[in-house]
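Asker: Got a structure for you, written out below as structure tokens; questions coming shortly.
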Amino acid sequence: MGVRASLWRNALPALLLLAALTTTVTYVAAVTERARHLTENERFTASAEDAHHAIAERLTTRLRGLQNLADMAASGEIGDDARFDIAASATHQLAREFLAINLVDPDRRIRRVWPLRGNEAAVGKIVGQTPEILKLIEEARDAGSPRATYLVDLFQGGKGVATYFPIWRDGTFLGYINGVFRVEGMEELLRTTQAGGVTVSLLLVDRMQADGNTAPPGAALYAVPLLDKELIITVTGDPTATSPVDDDRIFLVGMALSLLSAALLYAGLATRHKATQRQTILSNILDAAPDAIVTIDAAQRIQVFNPAAERMFGRAAQAMLGKSLDIVMPDEARQQHRTQVAGFMTSGEDRRAMGSWRKIRGRRADGTSFPVMVSLSKLMFEDRPLMTAILRDMTDVEIMTERLVRLAEEKDAAAQRAEDASRAKSMFLATMSHELRTPLNAVIGFSELTLREIHGPLGHPKYLDYMKDIKSSGEHLLGIVNDILDLSKIEAGSFTLSRDIFDLTEMLRHTGETVRRLLSEKGLHLVTRVPDGLTAFGDERATRQIALNLLSNALKFTPKGGTVELGARPAEDGNTTTFWVSDNGKGIPAAVIEKIGQPFIQAGNAYNASSTGTGLGLAISKALTERMGGTLEIRSSVGDSGPQGTTVTIRLPRHPGAASR
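For the working numbering, add 10 to where a residue sits in the sequence shown, where the first one is 1.
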């Protein structure tokens with residue numbers, strides 16, 4: 011039902027014209043019959059009436075065709091440029107007096123012209139550039155009824171009459187159907203309606219001015235409505251043409267014209283029906299396509315914007331038609347893309363030259379940029395180059411690709427961490443073998459010498475030295491075992507820590523005095539900068555172990571004659587207390603610092619092969635500090651651009667609930 015209604019609506023101008031032709035033939039026959047019995051004066055009057063009715067009928071038919079186009083636009087049946095071209099072409103073919111039929115946007119810009127050839131100058135122009143015409147156009151819009159101009163200068167050149175039929179849909183103003191009559195076309199209308207030995211002339215006036223016109227002597231005056239104007243028809247007699255008419259010949263000619271018009275109408279309707287069917291199929295394909303399809307003209311204005319494109323870019327097709335392609339391109343890509351498309355549109359390359367898929371960036375209505383795969387092709391329509399782009403949103407693919415890349419990177423990082431851990435454990439076992447074997451060999455060796463009494467019976471002073479060495483080696487072994495057990499407990503979460511406020515000043519000073527003798531034996535100088543009254547919140551025994559570990563490391567890595575500093579201070583915010591151990595040893599490279607504090611990693615292993623130890627001291631210190639809500643920070647310089655040395659800083663809470671900073 012919808013297709014038939016659409017076909018009927020598209021054919022309405024042609025049917026009206028056929029009715030007009032038939033009416034004309036009937037009038038001619040009637041005039042011929044009456045001419046047998048009329049006097050010369052009566053014949054003139056009848057001829058003038060015939061001319062009046064013929065002009066009125068033809069003009070009414072053409073205005074109805076324009077109103078029909080406006081009604082179709084208001085109902086959405088010619089919502090896109092392609093459908094407008096079909097409907098306007100049908101109307102124009104049946105009324106050649108039209109110089110052009112234009113589709114005008116609400117901003118008064120001519121968006122579409124039919125026929126385009128010969129009317130190129132009108133495309134994109136603004137109508138209503140004089141106050142009089144602007145007022146007339148706005149009246150048509152506000153009143154919702156059409157208006158006509160006087161003779162005006164046309165964009166295509168020359169003079170003519172312009173009509174404006176407003177388009178409204180659901181309270182929204184959509185623009186105008188603008189029909190332009192050329193002067194030559196109006197004169198042709200006069201020539202084709204002269205009959206019965208009369209001459210017709212026209213004058214275009216406002217309706218309110220029509221009553222002020224009077225006919226000259228020997229002439230008849232008629233008024234024909236032209237929208238809000240009146241066509242004043244002046245009919246004068248021609249004495250040489252008042253002889254009786256060959257009515258049989260006129261009747262036969264009229265019948266022949268009617269039959270010919272009917273045949274042409276049938277052929278035209280069939281052709282237009284097929285074109286409409288093709289257009290409907292194409293429309294359905296565009297609507298059902300899963301990919302976005304956008305067609306642009308040589309000026310890169312959008313001509314087709316299918317529903318998939320609406321969903322992709324978040325923009326309505328009605329708002330996009332006639333707009334620049336730049337609106338869907340990111341700012342940074344516009345110029346390059348515009349240059350490439352312009353070069354392709356004007357080149358002699360065939361339609362397959364840009365048919366391959368390539369990746370670009372698009373821009374949605376909210377301004378976000380997204381990846382798009384696009385395939386471009388070129389075609390010619392009415393000698394005009396058009397370019398069609400098929401676009402596919404690649405956002406999901408890009409997200410999945412990024413996710414796979416991220417997973418691969420995480421997998422590589424995990425593998426690297428596992429490899430580093432395996433290597434660290436291997437180094438730890440090698441170091442541990444040395445650390446355990448050396449004191450064990452000392453214990454066994456000195457015990458064996460004592461048992462053999464190589465210095466005589468027990469009681470010799472030398473055996474006392476052996477006992478001291480055995481005790482020292484045993485304590486060293488016990489320290490290693492304790493470190494391993496402590497770290498295992500910390501990692502398992504079973505290392506119990508107390509939560510108390512303790513005297514940090516007293517603890518640090520006592521720890522410093524404990525190691526001072528060891529530092530002196532190595533030729534190192536200890537500087538203590540611990541003010542009175544410092545407190546911390548945590549486990550005092552664990553904090554003492556941290557301080558001893560840091561001082562032990564400084565002892566290992568500071569050369570003879572160096573200085574080790576043990577210092578402390580309260581934080582400015584009053585929430586934390588800070589203490590540090592620094593030395594002026596050779597320093598640690600930044601790459602090594604990142605690994606220090608991990609289990610089984612020792613600065614000596616990665617940087618100083620001559621150092622001894624398990625590498626557990628800093629790992630234990632870092633874990634204990636964090637368990638108490640504090641932080642451990644290492645800063646070091648190898649002396650490339652300033653003094654060398656290393657500082658390890660510990661920050662602990664001063665009271666319950668305080669955050670370490």
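Here a beta-carbon is modelled for each residue, glycine too, at the ideal position from N, C-alpha and C.
None of these values were measured; they are calculated from a predicted model.
(1) If you count every other CB in all the chains shown that lies within 10 Å of the CB of M218, and 16 or more means buried, which is it?
(2) Closer than 6 Å by C-beta to G98: which residues in its own chain qualify, once you throw out the five before and the five after it? Chain order, please.
(3) G134 to V415, Cα distance in whole Å?
(4) Is M355 near M397, with beta carbons less than 8 Å apart?
(5) Quick one: what's got a C-beta closer than 8 Å to S592's C-beta in the same chain, skipping five residues either side?
(6) By the DSSP assignment, the alpha helix (DSSP H) with L146 in it spans what residues?
(7) With a cut-off of 8 Å on the beta carbons, I'd call T586 and R661 a contact; round off their distance for me.
(8) When you compare only the Cα positions, how much space is there between I480 and L446?
(9) In chain order, what residues of the same chain have a beta carbon less than 7 Å from the beta carbon of I136, not counting five sequence neighbours either side?
(10) Using 10 angstroms around the beta-carbon of Q77, count the other beta-carbons present and answer buried if the total reaches 16, otherwise exposed.
(11) Taking contact to mean at least 3 C-beta pairs separated by less than 8 Å, is the stretch 303 to 320 in contact with the stretch 334 to 349?
(12) Does the Cβ of A363 have 16 or more other Cβ atoms within 10 Å, making it buried, or fewer, making it exposed?
(13) Hey, A546 and R664 are a contact pair by Cβ (cut 8 Å); roughly how many whole angstroms apart?
(14) On the three-state DSSP scale, how would you describe G170?
(15) Name the two residues that bound the continuous alpha helix (DSSP H) containing G86.
(16) The alpha helix (DSSP H) spanning I136 covers which residue range?
(17) In three-state terms, what does DSSP make of V407?
(18) Could you compute how far the alpha carbon of S57 sits from the alpha carbon of F108?
(19) Under three-state DSSP, which class holds F175?
(20) When DSSP labels each residue in this structure, what does T568 get in the three-state scheme?
(21) Spatial neighbours of A132 within its chain, please: C-beta separation below 7 Å, excluding the five flanking residues on both sides.
(22) Any idea which residues DSSP pairs S647 with across the strands?
(23) Looking at the structure shown, is F598 part of a helix, part of a strand, or coil, going by DSSP?
(24) Buried or exposed: which applies to F183, given that a residue is buried once 16 or more other Cβ atoms fall within 10 Å of its Cβ?
(25) Whole angstroms is fine: what's the gap from R157's alpha carbon to F94's?
(26) Note the first and the last residue of the continuous alpha helix (DSSP H) segment covering Q310.
(27) Hey, out of Y160, I187, V304, whose CA is closest to E240's CA?
(28) I'd like the list of long-range same chain contacts for D583, defined as Cβ closer than 6 Å, with 5 residues on each side in sequence excluded.
(29) Which residue's Cα is closest to the Cα of L146: V382, E342, F175, L231?
(30) Tell me which residue opens and which closes the alpha helix (DSSP H) that R348 is part of.
(31) Below 8 Å between beta carbons: does that hold for R371 and V382?
Answerer: Taking the definition as stated:
(1) Note that M218 scores 45 on pLDDT, short of 50, meaning its location in the model is unreliable; the coordinates nonetheless yield the value given after this. M218 is exposed by the Cβ-count criterion.
(2) For clarity, residue 98 is Ala in the given sequence; the question names Gly instead. Once the five neighbours on either side are set aside, the close Cβ partners of A98 are I111, W124.
(3) 49 Å
(4) Taking 8 Å as the Cβ cut-off, M355 and M397 qualify as a contacting pair.
(5) A564, V574, E575, G577, G655, T656, T657, V658
(6) 141 to 153
(7) Contact holds; Cβ gap of about 5 Å.
(8) 13 Å
(9) R118, R119
(10) The residue in question, Q77, is buried, as its Cβ has 16 or more Cβ neighbours within 10 Å.
(11) A contact exists between the stretch 303 to 320 and the stretch 334 to 349.
(12) The predicted position of A363 is uncertain, since its pLDDT is 45 and thus under 50; a value taken from the coordinates is nonetheless stated next. Counting C-beta atoms within 10 angstroms of its own C-beta, A363 has fewer than 16 neighbours from the protein chains shown and is therefore classed as exposed.
(13) 6 Å
(14) strand
(15) It is not in any alpha helix (DSSP H) - G86 carries neither H nor E in the DSSP assignment.
(16) It is not in any alpha helix (DSSP H) - I136 carries neither H nor E in the DSSP assignment.
(17) helix
(18) 27 Å
(19) strand
(20) coil
(21) A110, N112, I120, V123, F165, Q166
(22) Beta-bridge pairing links S647 to G655.
(23) Note on residue identity: the sequence assigns Ile, not Phe, to residue 598. Reduced to three states, the DSSP call for I598 is coil.
(24) exposed
(25) 21 Å
(26) It is not in any alpha helix (DSSP H) - Q310 carries neither H nor E in the DSSP assignment.
(27) Y160
(28) Around D583: no qualifying Cβ.
(29) F175
(30) 341 to 356
(31) yes
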